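Numbering that gives the first Met the number 0 puts the sequence shown at residues 0 to 560. C-beta atoms are modelled at their ideal positions from N, C-alpha and C, and glycine is treated no differently. Predicted model, so just to flag it, every value in this text is computed and none were measured. Data first, discussion second: the structure below is written as structure tokens.
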Amino acid sequence: MATPSDGSVFRRRSLFKAAGLGAAGAAGLPFIAACSDIESGGGTSQATEGFDFLPEYKEWPLPFEPDLVGEPPNHPSGFTTYPEPIQAIEDVPSNSGTFEITVPMWGEAPSNDDPYFAAVAEANGGTTVNLRQADGNTFAETSVQWLNANEFGDGIMLFAWMLFAHPNFQETVVNSFYDLTDIVKGDISDRWPLLAGLPTSSWGQAVWSTDPADPETARVFGIPGSFTGGPGNAMFARTDLLEQFGQTMPTTVEELIEVARAVSDDAGGRWAFGGLDYLTPQWFGLASGDGWAYIDGKLVHNCERPEYTEWLTFRRQMWDEKLVHPDTPSGTLDGQALHKAGTIVFQLDGISWWQGFIDQSTAEGTGGTIAPLGALAANGREPLVHVNFNVESWTFLNKDLSREQVEEFLDFANFCSAPYGTREYEILNYGVEGTHFTYGPDGVPVFNETGTSVVQAPVNYKTISGHVQQFLTGTPDMVQARFEYNASVKDFAEENIFEGMRVEGPADFKSAGQVLTDQQNDIAFGRAELSSIPDMVETWKNNGGETGREHYTAAYEKLHG
0 MATPSDGSVF RRRSLFKAAG LGAAGAAGLP FIAACSDIES GGGTSQATEG FDFLPEYKEW
60 PLPFEPDLVG EPPNHPSGFT TYPEPIQAIE DVPSNSGTFE ITVPMWGEAP SNDDPYFAAV
120 AEANGGTTVN LRQADGNTFA ETSVQWLNAN EFGDGIMLFA WMLFAHPNFQ ETVVNSFYDL
180 TDIVKGDISD RWPLLAGLPT SSWGQAVWST DPADPETARV FGIPGSFTGG PGNAMFARTD
240 LLEQFGQTMP TTVEELIEVA RAVSDDAGGR WAFGGLDYLT PQWFGLASGD GWAYIDGKLV
300 HNCERPEYTE WLTFRRQMWD EKLVHPDTPS GTLDGQALHK AGTIVFQLDG ISWWQGFIDQ
360 STAEGTGGTI APLGALAANG REPLVHVNFN VESWTFLNKD LSREQVEEFL DFANFCSAPY
420 GTREYEILNY GVEGTHFTYG PDGVPVFNET GTSVVQAPVN YKTISGHVQQ FLTGTPDMVQ
480 ARFEYNASVK DFAEENIFEG MRVEGPADFK SAGQVLTDQQ NDIAFGRAEL SSIPDMVETW
540 KNNGGETGRE HYTAAYEKLH G
């Protein structure tokens, strides 16, 4: 599953939208409409480095060297061959506990009775982890209420971009989750060698303070997910359809507009785009995350910049010219299905859709080819590419668990951290041979229909904790192509102006941002006029924008002096 590089949850809804799950989820999770929100706060800033209580890093030696050696993090290495897997964990623990972990799910949730889940339990030493799968499209918002009511089971997995929905996530962390510090500090390599091999910076990003004003109260509250640099999202073109219509891959936004006009046929039921929201700001030089850039000695928000009007003008133009699917405003489109069908030619999605399209179109026999657009820019400016700055997620454990339960779950997380080239990785990421996959002619596992729907689901055990190292993997041609793609865009990577710090904006800044996003969409879909932008920006400033600027400026000055 791709990690969204933009912090706004409202820009993610089109990413994995699919039928099959209701708002209350697929596993009986409560929808607690009557619960009050967690108390709003004034925002926090938290250092993510320089701690002396993190797990001591001990390199876990990789069993195989990658075939393609890149320049991590934004140009990761990759495997074009599949090695004979080795066993990563020599002394498999003997456990018997059962846990329920709440996770987001996009698409139809597989049954926990599938052999995949039993096979993982047997391989890891006996721990059973039942996934309570809830609708990923509403997960960020509803997780606020589950956490407030302690209705999230034994743990919950949250993607980094989901934190934007929480009024005060720091308060949620210290009140709801188990403090792991005393268990994971120091040398943990004897029991959990793979967790000890996670980068120290990843563990640093799992730290929150019980008192933001007191650095001495910083503690480890989460099991960090993986960190993979480079772009987390891309605009994918159906290259076979471009060729069919006599078009080439665009290299600028202006060229993209011309290609979009050439391939769209509103009356005939074909459109260039399904969505143009969360990646396209980079084409106009706008910042990712919470939208701040340091310009002329001060922090300036995207909405205050002239490029913001350019961006919304572009989105409105595409809508007015009927180059965007007419049902996009509903938020109910299954963009991936439409992309496979050729109903939309360009699909904005997580980077994992590249391999996902190959796997699904192969399994379904639908054909077609896709590739991501490169580093595009509008109006002759230098391209900017949003890249992943942080770990993609965390698994947080319920504070009511016993220490023995937490230690057993860490046994399971250690199993989940095994890298490519291990038997643990194979069963986590491909399932059971013959049931979920077969080995292709090149030796690489190939999913069958069951494996595609169960194991390749965006979220399951493979996202419980980070891998010791992350590599580009999949079919050899795709790995080579993605390796070359990352090489082509790495020099345009955005700089992280808050590197070494996690900044959570004040509640009113978050609320103002949500309103602004809704207003952006009103303009983009013809429900409001471009002339309303100045009023939108003024409202944003008065209702939380200026408060946010003060908070983020203080954090920036603390980092940079």
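Item	Value
In the DSSP assignment, the alpha helix (DSSP H) including Gly284 goes from what residue to what residue?	No alpha helix (DSSP H) contains Gly284, which DSSP labels as neither H nor E.
Taking the beta carbon of His74 as the centre, do at least 16 other beta carbons fall within 10 Å, making it buried, or is it exposed?	buried
With distance defined between alpha-carbon atoms, name the residue in Thr462, Gly504, Val458 and Glu403 nearest to Ala417.	Thr462
Is Gly560 buried or exposed, if buried means 16 or more other CB atoms sit within 10 Å of its CB?	exposed
Out of Gly288, Thr474, Trp191 and Ile155, state which residue places its alpha-carbon closest to the alpha-carbon of Asp410.	Trp191
Using 8 Å as the threshold, is the segment 337-346 in touch with the segment 413-427, meaning 3 or more CB pairs across them?	no
Using 8 Å for Cβ pairs, my map puts Ala374 next to Phe491. What's the rounded Cβ distance?	5 Å
Tell me, which residues are paired with Gly349 by DSSP?	Asn232
So what does Gly185 bridge to, in DSSP terms?	Pro54
Are Tyr81 and Val454 closer than 8 Å when you measure CB to CB?	no
Spatial neighbours of Asn301 within its chain, please: CB distance less than 7 Å, with the 5 preceding and 5 following residues excluded, ordered by chain position.	Pro280, Leu285, Ala286, Gly290 and Tyr307
Can you check DSSP and say which residues form a bridge with Phe158?	Ser392
Could you check how far apart the C-beta atoms of Phe244 and Phe176 are, in whole angstroms? I think they sit under 8 Å.	Between Phe176 and Phe244 the Cβ distance is about 52 Å, and since that is not below 8 Å, they are no contact.
Ignore the nearest five residues each way along the sequence and tell me which others in Ala554's own chain have a CB closer than 8 Å to its CB.	Ser44, Phe497, Met500 and Val502
Along the chain, where does the alpha helix (DSSP H) containing Ser452 start, and where does it finish?	Glu448 to Val453
Which runs of the alpha helix (DSSP H), 4 residues or longer, sit entirely within the segment 309-394?	334-340 and 352-363
Identify, in the order they occur along the chain, each residue of the same chain with its Cβ nearer than 6 Å to the Cβ of Tyr56, setting aside the five sequence neighbours on each side.	Thr199
Can you grab the Cα-Cα spacing for the pair Ile369 / Arg304, in whole Å?	33 Å
Helix, strand or coil for Gln477, going by three-state DSSP, please let me know.	Looking at the sequence provided, one finds Met at residue 477 rather than Gln. In the structure shown, Met477 sits in a helix (DSSP, three-state: H, G or I).
Might you give, ordered along the chain, the residues of its own chain that have their beta carbon closer than 7 Å to the beta carbon of Glu406, omitting 5 neighbours on each side?	Ile182
Look up Ser510 in the DSSP assignment and say whether it is helix, strand or coil.	helix
Can you name, in chain order, every residue of its own chain whose Cβ lies under 8 Å from the Cβ of Leu529, other than the five neighbours on each side?	Thr308, Leu311, Thr312, Arg315 and Ile522
I'd like the list of long-range same chain contacts for Ser188, defined as Cβ closer than 7 Å, with 5 residues on each side in sequence excluded.	Lys57 and Ala195
The beta strand (DSSP E) that contains His300, what's its start and end?	Lys297 to His300
Hey, quick one: how far does the beta strand (DSSP E) through Thr127 stretch, first residue to last?	Thr127 to Asp134
Here's the rule: buried if 16 or more other CB atoms are within 10 angstroms of the residue's CB, otherwise exposed. What is Asp276?	buried
On the three-state DSSP scale, how would you describe Asp264?	strand
Consult DSSP for Phe272 and reduce its assignment to one of helix, strand or coil.	strand
The alpha helix (DSSP H) that contains Phe78, what's its start and end?	From DSSP, Phe78 is part of no alpha helix (DSSP H); its letter is neither H nor E.
Does DSSP put Leu427 in a helix, in a strand, or in coil?	helix
Do Pro71 and Val488 have their C-beta atoms closer together than 8 Å?	no
I believe Phe564 touches Asp153 by the beta-carbon criterion, under 8 Å. Please report the beta-carbon distance rounded to the nearest angstrom.	In the structure as shown, the chain begins at 0 and stops at 560. Residue 564 is therefore absent and cannot be evaluated.
In the DSSP assignment, find the beta strand (DSSP E) that holds Thr43 and state where it starts and stops.	Thr43 to Ala46
Would you say Thr472 and Gly77 are within 8 Å of each other, going by their C-beta atoms?	yes
Report buried or exposed for Ser401, applying the criterion of at least 16 other Cβ atoms within 10 angstroms of its Cβ.	exposed
From the DSSP output, in three-state form, read off Arg292 for me.	A quick correction: the sequence has Ala, not Arg, at residue 292. It is a strand residue.
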